[in-house]
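A.B. asks: First the structure, which I've put down as structure tokens, then a few questions once you've had a look.
Numbering (the working numbering), first residue to last: 61 to 296.
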């Protein structure tokens, strides 16, 4: 039975990746892919990796609550602070800060999945990766590299294959191979040097400067001013 379960999961993953590719990154399809991996051996391994990072096990055992941002309060915070940068990103891109799919947090895998989903956009602010396709893959790569979050590993792999295939096409492409390669390399360097971003208690330091967070976490070369960086797409 487990063998058939994994086979069916793999088939469903392929269908979901195809749907994500056709839609240009539809969030509902991404959430379906994330949920499809919840009971997988790969997610079990991800949970073990998270528990092994400093502060991870304690955070998980406490079921540290999912992010619930107060955008109106955060937009009033000092310029350059994490809270203000996050609120500006949400507002300027017309994002819904609660777009993520509601999930129970009754298991370790579900709690970790929801924590990652709710804090994803904070990672854009602290790492400097933009919100376009290339920047998104940079942010995903950090979590994929640090704890092996299954859906992000699959999305990064699919993006690399897609950008490689698109090299033969004339005109504009959604994922430029050279840019994506550079972004993923930078993301992997950040992942290796920085503390695990999934285990950070951001809510306890909204008013701290982004630069202060970067110094503490070991993010030495943020992507802000790169072609795929946040500073080239939106002012935070």
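Beta carbons are placed, not taken as given, at the ideal position from N, Cα and C, and that holds for glycine.
What are the boundary residues of the alpha helix (DSSP H) that includes residue 222?
C.D. replies: As a position in the chain shown, residue 222 is number 162, starting the count at 1. Counting along the chain, the alpha helix (DSSP H) containing residue 222 begins and ends at 210 to 225.
A.B. asks: Under 8 Å: do the region 165 to 181 and the region 218 to 228 share three or more Cβ pairs, one atom per stretch?
C.D. replies: No, they do not touch.
A.B. asks: For residue 268, tell me which candidate among 143, 121, 127 has the shortest Cα-Cα distance.
C.D. replies: Here residue 268 corresponds to residue number 208 of the chain shown, with the count starting at 1. Checking every option, the nearest Cα to that of residue 268 belongs to 143.
A.B. asks: With residue 136 as the anchor, note down where its alpha helix (DSSP H) starts and where it stops.
C.D. replies: As a first step, residue 136 is located in the chain shown; it is residue number 76 there, counting from the start. Looking at the DSSP string, residue 136 is not in any alpha helix (DSSP H), and its letter there is neither H nor E.
A.B. asks: Just to confirm my understanding: we take residue 287, look at its own chain, exclude 5 residues before and 5 after, and list those with CB closer than 7 Å. What are they?
C.D. replies: For this step, residue 287 is matched to residue 227 along the chain shown. Excluding residues within five positions, the ones whose Cβ falls inside 7 Å are 239.
A.B. asks: If you run the structure through DSSP and keep just helix, strand and coil, what is residue 255?
C.D. replies: Taking the first residue of the chain shown as position 1, residue 255 is located at position 195. Residue state, collapsed to three classes: coil.
A.B. asks: For residue 290 versus residue 183, is the C-beta spacing smaller than 7 Å?
C.D. replies: The sequence position of residue 290 within the chain shown is 230, counting from 1. The sequence position of residue 183 within the chain shown is 123, counting from 1. Not in contact: residue 290 and residue 183 (Cβ atoms no closer than 7 Å).
A.B. asks: Please name the residue or residues paired with residue 189 in a DSSP beta bridge.
C.D. replies: Locating residue 189 in the chain shown gives position 129, where the first residue counts as 1. Paired residues: 289.
A.B. asks: With residue 104 as the anchor, note down where its alpha helix (DSSP H) starts and where it stops.
C.D. replies: Position 44 of the chain shown, counting from 1, holds the residue named residue 104. Its alpha helix (DSSP H) spans residues 101 to 112.
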